[in-house]
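**Q** Residue numbers (this note's numbering), protein chains in the order written: chain A, 1 to 57; chain B, 1001 to 1398; chain C, 2001 to 2294.
Every residue gets a Cβ at the ideal spot worked out from N, C-alpha and C, and that includes glycine.
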Amino acid sequence: MEFYTYVNIFEQKGLEYLLLLSFLALFIFLVKYLSGTGKNAPVPGEKSSTAARARKR
Amino acid sequence: MNNTAVATSEFSRVFRFVLQELKPRGKWLTPFNVISIPVILAGLVILYFRFVYGLGSVTNLNQYYPLGIWIGFDVVTGVALAGGAYVITFVVYVMRMEKYHSIVRVTVLNGLLAYIFYAGALTLDLGRPWHIINPVIGNSFGYNSVLFLVSWHFLLYMITMAVEFSPVVAEWAKLEKVRKFLTRLTLGAVIFGITLSILHQSGLGALFLMAKPKIHPLWYSEFIPILFFVSSIYAGLSMIVFEGTISHKVFKNLIGGHDGHQYEEIILGLAKGAAITMFVYYFFQALLFVHEKRWELITDFWGYWYLLEVIGLVLIPCCMFAYAVRHRKIGLIKVASVLALLGIVLNRLNVTVIAFRWYDVSKYYPSWEEIVVTLMVVFTEIWVFRWIVTRMPVFEKK
Amino acid sequence: MDRRQFFVTSATAGAAVLGIKRSHAASEKEKQEFVGVLCDTTRCIGCRSCEVACSVTNGNYVPDVKNDNALEKVRDTSDKQYTVVNRFKTAKGEVFVKRQCMHCWQAACVAMCLVNAMHKNKEGPVTWDGDKCLGCRFCMVSCPFDIPKAEYHSWNPRIMKCTMCYERLQAGKKPACVEACPTDTLMFGPKRELMEIARHRVYSHPDKYVRKIYGEHEAGGTGWLYLSAVPFEQLGFRTDLGTSPYPEYTKQFLVSVPLILFGVPALLLGLHELSDRKEELKAGEWAKPEAENE
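Now the structure itself:
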């Protein structure tokens, strides 16, 4: 029937904070990754755009 | 006296102009027309039966699945995919990132039409649609209802998007004074529209908060509203990429003068936004996974289904977006956006239809009539979209 | 007069004024006490008189109780019948259970209805108003007991569910099913009294009943209460519904709405002002080439 026992609804809280910290670190990595450019990709867009602008001029 | 005469002549000019513009242009027998016209006609016949003999005559709805794909796909998913309008207006008008200005008009148009048609599809699903005015006219305000809020927000947001788009219409009808006046309303409409969007995107999730015992615990949480809101951001961004890809193929002649490099930059920017938002969304899912001890639930079919959605259609497209941005691979961005959109469709259908009453022996499957009507709604929207972009200055800059 | 004295005096004076109102409100409340029905499944013989009485009273489909063999399989209420009796074979023999709307204290369907078509009357019954209803069927989605049923095969569908015979209650009569019951399975009255009776039965016959009154706390408490000899799961009851009233689940969201409606526009305007400077900086990058293009 009905039992009266203690239920800890924050049982996982410590794990959640660990998860938060790891995701924060990953997030910084992601943002850095996104704002940088690849090693082999020589940013073709920039070149073509300057070329296009030069042509227009 | 003179003024009235001018106004009358102006009015008749606009009237004649609109009449002339209503005529179809171009070839009739395109593949799209050949498919869509029969579907739309069939849809209309089905709707006749639906309104005369009731919902049960054409849908597979029953007492345990009161919502089918007309709500689950047309309304809940359609609105999420239309989230691009508020994201882009935020970026352009609030953050003033001029880079994205060239896609504002087409995105807002898409949003407006999506709301008119997909939220409009709601009326097809209502048992007594002639009472639809009741929540608005105040004879029976159900303040306590999330649905009350969502319906008001749909209405108000459609108006704000119409205001955001109205300068284009005025420009098309060559009403310069009206256009100037309407342009001044834009910022207010944008700010109001973003606020409404935040609330009703999350509100659509909140509609299912009280269905707690009926939604599979992997999809139910008290944070559904937040998940719906965050996912609507990347849904909107992915949809812009997806629609842009199609538009650039179909309306090549209209977009012709477009600076290809600038467009590429826009796509990259959108993908960057989508990657970050999806990462945040994935974090929320991971947090819920831990908080609700979901590892106990992932060993059966529903667990795999959940992992497919959260890892296969959120985490993987997220990584694809990030990789594609870094290496400037436009093609990969398009693939990722399709995956992300599939993830959104799956998520919304899971909450509303698939994982709804997962324990039930007799599940709901949409009838062919429901699918035809859904396609009809989509096709009609594309017809109107095509009519507008071939006439109004949607693709041109400013 | 010091501060303490001031408080005491004003409090007394206030109480004198408010006192009349308070007692008036209390007596009003007593009159409006929620009613309910106690259903003791150990007494039910499965005669289904309640089904017939219900359908006759509400103008619904009247089952042919003698010949239709309906007890063979477990049924649910439908758009044609507000109540059904089911038979369950248990360790303690056949048990008959009547099923109908539970008339929740804080009903999910009422909280979900955007036009107040679902209405919690002050006497306790939850009733439906067809002049307001849109037919959105979100009452069906939210109801934890799956009670509201839609008429899918009508151009003008109604939402069908037990009304606890609201019209009869207003005329001072009992619900039709209670009146028709030949075995005192059903007992009508204020929930407070029914709870006392139910507890008394459970405590004085601990071997006969399981020590639970279904409906006492389920979904925040319901108007209908059930007593049983076997665990309720065996009788088709859901025991995983929780004890919080269902409207509570949307409370946090609804509370945050005004906050967002005010806060977000303010935030956005602020961002808009802040981004002014940014545009000046960016002007060199984006505005210029375009001006050249045009």
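Answer with yes or no whether the minimum CB distance from C:W2155 to chain B is below 9 angstroms.
**A** Chain B contact via Cβ: present.
**Q** Give me the chain A residues within the contact set of B:A1286, using Cβ-Cβ distance strictly less than 8 angstroms, ordered along the chain.
**A** Correct list: L19, F23.
**Q** Determine the DSSP secondary structure at B:E1010, reduced to helix, strand or coil.
**A** Here B:E1010 sits in helix by DSSP.
**Q** Contact criterion: CB-CB distance below 9 angstroms. Does B:H1101 meet it with respect to chain A?
**A** By this cut-off, B:H1101 is not an interface position.
**Q** Could you tell me the distance, in whole angstroms, from the CA atom of B:I1194 to the CA atom of C:L2269?
**A** In a straight line, the C-alpha of B:I1194 is about 11 angstroms away from that of C:L2269.
**Q** Ends of the beta strand (DSSP E) at C:L2038?
**A** Looking at the DSSP string, the run of the beta strand (DSSP E) that includes C:L2038 is 2035 to 2040.
**Q** Apply the 10 Å Cβ neighbour rule to B:R1025 and answer buried if 16 or more other Cβ atoms are within range, or exposed otherwise.
**A** Exposed is the call here.
**Q** For a cutoff of 9 angstroms on Cβ pairs, would you count B:A1275 as touching chain A?
**A** Answer yes: the Cβ-Cβ gap between B:A1275 and chain A drops below 9 angstroms somewhere.
**Q** I'd like the list of long-range same chain contacts for C:N2121, defined as Cβ closer than 7 angstroms, with 5 residues on each side in sequence excluded.
**A** For C:N2121, where only same-chain residues beyond five positions count, the Cβ hits under 7 angstroms are T2127, Y2166.
**Q** Just to confirm the assignment: which complete alpha helix (DSSP H) runs, minimum length 4, are found wholly within the region 1261 to 1311 of chain B?
**A** As far as the region 1261 to 1311 of chain B is concerned, its whole alpha helix (DSSP H) runs of at least 4 residues are 1301 to 1307.
**Q** For the alpha helix (DSSP H) containing B:L1406, name the first residue and the last one.
**A** Because chain B spans 1001 through 1398 in this model, residue 1406 of chain B falls outside it and cannot be assessed.
**Q** Indicate whether at least one CB of chain B lies closer than 9 angstroms to the CB of A:Y33.
**A** It does; some Cβ of chain B falls within 9 angstroms.
**Q** Compute the beta-carbon to beta-carbon distance between B:Y1093 and B:L1182, rounded to the nearest angstrom, for a pair I have assumed lies under 8 angstroms.
**A** With 8 angstroms as the limit, B:Y1093 and B:L1182 do not qualify as a contact, their Cβ atoms being about 14 angstroms apart.
**Q** According to DSSP, simplified to helix, strand and coil, what is A:N40?
**A** With a pLDDT of only 49 at A:N40, under the threshold of 50, the placement of this residue in the model should not be trusted; the figure read from the coordinates follows. In this structure, A:N40 counts as coil in the three-state DSSP scheme.
**Q** So with Cβ pairs under 9 angstroms, would you call B:H1248 a contact of chain A?
**A** No, no contact with chain A.
**Q** With 7 angstroms as the C-beta to C-beta threshold (strictly closer), list the residues of the region 1208 to 1220 of chain B near chain A in chain order.
**A** Taking 7 angstroms as the Cβ-Cβ cut-off against chain A, none of the residues of the region 1208 to 1220 of chain B qualify.
**Q** Closest to B:P1217 by CA distance: which of B:E1296, B:F1229, B:G1269, B:H1248 is it?
**A** Cα-wise, what sits closest to B:P1217 is B:E1296.
**Q** To which residues does DSSP link B:I1215 through a beta bridge?
**A** Answer is B:F1356, bridged to B:I1215.
**Q** Select from the region 1325 to 1350 of chain B all residues with a C-beta closer than 8 angstroms to any C-beta belonging to chain A, and list them in chain order.
**A** So the close ones are V1325, R1326, H1327, R1328.
**Q** Under 7 angstroms Cβ to Cβ from B:A1324, same chain only, skipping five residues before and after it: list those, please.
**A** Closer than 7 angstroms at the Cβ level, and outside the excluded window around B:A1324, lie A1271, L1332, I1333, A1336.
**Q** Here's the rule I'm using: 16 or more other beta-carbon atoms within 10 Å means buried, otherwise exposed. How should C:Q2032 be labelled?
**A** With fewer than 16 Cβ atoms within 10 Å of its Cβ, C:Q2032 is classed as exposed.
**Q** Taking 9 angstroms as the threshold (beta carbon to beta carbon), is C:F2253 in contact with chain F?
**A** Considering every chain present, this structure includes no chain F. Its protein chains are A, B and C.
**Q** What span of residues does the alpha helix (DSSP H) with C:T2090 cover, start to end?
**A** C:T2090 -> not in any alpha helix (DSSP H); beta strand (DSSP E) instead, spanning 2084 to 2090.
**Q** Counting only C-beta atoms, is C:D2040 closer than 9 angstroms to chain B at any point?
**A** For C:D2040, the answer is no, since every Cβ of chain B falls outside 9 angstroms of its Cβ.
**Q** So, using beta-carbon positions, are C:T2077 and C:M2140 closer together than 9 angstroms?
**A** Contact: no.
**Q** In whole angstroms, what is the alpha-carbon distance linking B:H1131 and B:K1329?
**A** Cα to Cα, the separation comes out at about 51 angstroms.
**Q** Just to confirm, are B:N1350 and B:S1231 a CB contact at a threshold of 9 angstroms?
**A** In this structure, B:S1231 does not lie closer than 9 angstroms to B:N1350 by Cβ.
**Q** DSSP on B:L1047, reduced to helix/strand/coil?
**A** Correct three-state label for B:L1047: helix.
**Q** For C:E2233, count neighbouring C-beta atoms within 10 Å of its own C-beta (all shown protein chains included) and say buried if the count is 16 or more, exposed if not.
**A** C:E2233 should be labelled exposed.
**Q** Spatial neighbours of B:W1172 within its chain, please: CB distance less than 7 angstroms, with the 5 preceding and 5 following residues excluded, ordered by chain position.
**A** R1391, M1392, P1393, listed in sequence order.
**Q** Quick check on DSSP: helix, strand or coil for B:L1109?
**A** Of the three classes helix, strand and coil, the one that applies to B:L1109 here is helix, per DSSP.
**Q** Unbroken beta strand (DSSP E) runs of length 3 or more, entirely within the region 2158 to 2196 of chain C: which are they?
**A** DSSP runs (the beta strand (DSSP E)) wholly in the region 2158 to 2196 of chain C: 2186 to 2190.
**Q** In whole angstroms, what separates the C-alpha of B:F1117 from that of B:H1200?
**A** Going by the C-alpha atoms only, they are around 17 angstroms apart.
**Q** Looking at the unbroken beta strand (DSSP E) that takes in C:Y2226, where does it start and where does it end?
**A** C:Y2226 -> beta strand (DSSP E) spans 2224 to 2227.
**Q** I want to verify the contact list: residues of chain A whose CB lies under 7 angstroms from the CB of B:V1290, in sequence order.
**A** Correct list: Q12, L15, E16, L19.
**Q** For chain A, is any of its Cβ atoms less than 9 angstroms away from the one on B:F1279?
**A** By this cut-off, B:F1279 is an interface position.
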